Amino acid sequence: MKFGRVVGTLVATHKYEGLEGVKFLVVQLLDSDLQPQGDPVIAADGTAQAGPGELVYVIASREAALVCPVKFVPVDHAIVGIVDIADLYDDDDLPAPNVDWAALEAD
Amino acid sequence: MYIGRVRGSVMSTIKNELYEGRRLLVVDRLNLDGSVSDQYDICVDVVQAGVGDVVLVLDEGNSSRQILDREPDGAIRAVIAGVIDEITLGQRDNDGQ
Chain S
0 MKFGRVVGTL VATHKYEGLE GVKFLVVQLL DSDLQPQGDP VIAADGTAQA GPGELVYVIA
60 SREAALVCPV KFVPVDHAIV GIVDIADLYD DDDLPAPNVD WAALEAD
Chain G
0 MYIGRVRGSV MSTIKNELYE GRRLLVVDRL NLDGSVSDQY DICVDVVQAG VGDVVLVLDE
60 GNSSRQILDR EPDGAIRAVI AGVIDEITLG QRDNDGQ
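Chains as they are written, first to last, in numbering that gives the first Met the number 0: chain S, 0 to 106; chain G, 0 to 96.
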């Protein structure tokens, strides 16, 4: 899933019948520093509570079709949840990695 | 699957019911030299990974649903499937030495 910022709403009256009742939102996807990354997308609102300005997280491709109460609704992005707190660390603040990362011994 | 590093967590009250009671961690994808790439995922943690850990991320729906025992449907795709102990890279000669 990726972070997103809801930047608008969208209404489409004339559409595929399977999309009836789906709430569409315009979402700017963000990188892990919460900065805009890529183009905005239109996402189905799986929470039914997201609105413009909210920080949300979005799932894409086939799993997006499983977010709404009616399963397999044909969408390719869906809002899974609304972020209360995103606790993100900078490089310098992360503890040293626990992993032994080495090159093979030269022959 | 890919190698990632946990750089944070997400707290969320309003969310899909599949995520109730589950930890959501923000994982930056790493290149093979250990540097941070520009890709990342918000993942469900099933191995009690901590911030700073280098982890194995599984980013595929059916496998993730299998891990969470939620076949055949469930809106989940990225899961932290393991904490990495050791990575060894390099090449051997073609004669297997």
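Glycine included, C-beta positions come from ideal geometry on N, C-alpha and C. These numbers were taken from a predicted model, which means no experiment stands behind them.
What separation, rounded to the nearest whole angstrom, lies between the Cα atoms of residue i and residue j?
i: residue 33 of chain S; j: residue 14 of chain G; result: 19 Å
i: residue 32 of chain G; j: residue 21 of chain S; result: 44 Å
i: residue 7 of chain S; j: residue 91 of chain S; result: 35 Å
i: residue 104 of chain S; j: residue 86 of chain G; result: Caution applies to residue 104 of chain S, whose pLDDT of 48 falls short of 50 and renders its modelled position unreliable; the value that the coordinates give is listed next. Roughly 13 Å between the two C-alpha positions.
i: residue 19 of chain S; j: residue 73 of chain S; result: 11 Å
i: residue 24 of chain G; j: residue 45 of chain G; result: 10 Å
i: residue 48 of chain G; j: residue 95 of chain S; result: 14 Å
i: residue 62 of chain S; j: residue 55 of chain S; result: 16 Å
i: residue 61 of chain G; j: residue 71 of chain S; result: 15 Å
i: residue 10 of chain S; j: residue 2 of chain G; result: 40 Å
i: residue 106 of chain S; j: residue 53 of chain G; result: Bear in mind that the predicted position of residue 106 of chain S carries a pLDDT of just 43, short of 50, making it unreliable; the figure below should be weighed with that in mind. Approximately 28 Å between the Cα atoms of the pair.
i: residue 8 of chain G; j: residue 21 of chain G; result: 11 Å
i: residue 66 of chain S; j: residue 78 of chain G; result: 17 Å
i: residue 66 of chain G; j: residue 36 of chain S; result: 30 Å
i: residue 30 of chain S; j: residue 81 of chain S; result: 16 Å
i: residue 38 of chain G; j: residue 2 of chain S; result: 12 Å
Give me the chain S residues within the contact set of residue i, using Cβ-Cβ distance strictly less than 7 Å, ordered along the chain.
i: residue 53 of chain G; result: 96, 97, 98
Show which residues of chain G have a CB atom less than 7 Å away from the CB atom of residue i.
i: residue 58 of chain S; result: 74, 76
i: residue 66 of chain S; result: 15, 74
i: residue 52 of chain S; result: Residues of chain G passing the Cβ test: none, with the nearest at roughly 15 Å.
Per the DSSP calculation, residue i is bridged to which residue(s)?
i: residue 35 of chain S; result: S:29
i: residue 85 of chain G; result: S:99
i: residue 77 of chain G; result: G:58
i: residue 12 of chain S; result: Answer is none; residue 12 of chain S lacks a bridge partner.
i: residue 78 of chain S; result: S:44, S:57
i: residue 1 of chain S; result: S:57
i: residue 29 of chain G; result: G:35
List the residues of chain S that residue i touches, going by C-beta distances under 8 Å, in chain order.
i: residue 37 of chain G; result: 30, 36
i: residue 40 of chain G; result: 0, 1
i: residue 46 of chain G; result: Going along chain S, no residue has its Cβ under 8 Å from residue 46 of chain G, so there is no contact; the nearest lies around 13 Å.
Taking residue i as the query, report the chain G residues whose CB atoms sit under 8 Å from its CB, ordered along the chain.
i: residue 48 of chain S; result: 13
- Task: Name, going along the chain, the residues of the segment 64-88 of chain G whose beta-carbon falls closer than 8 Å to a beta-carbon of chain S.
- Result: 72, 73, 74, 75, 76, 77, 82, 83, 84, 85, 86, 87, 88
- Query: Along the segment 0-33 of chain G, what residues have a CB closer than 8 Å to any CB found in chain S?
  - Reply: 4, 6, 7, 8, 9, 10, 11, 12, 13, 14, 15, 18, 23, 25, 27, 33
- Task: Check each residue of the segment 75-87 of chain S: if its Cβ is closer than 8 Å to any Cβ of chain G, include it; give the result in chain order.
- Result: 77, 79, 80, 81, 82, 83, 84, 85, 86, 87
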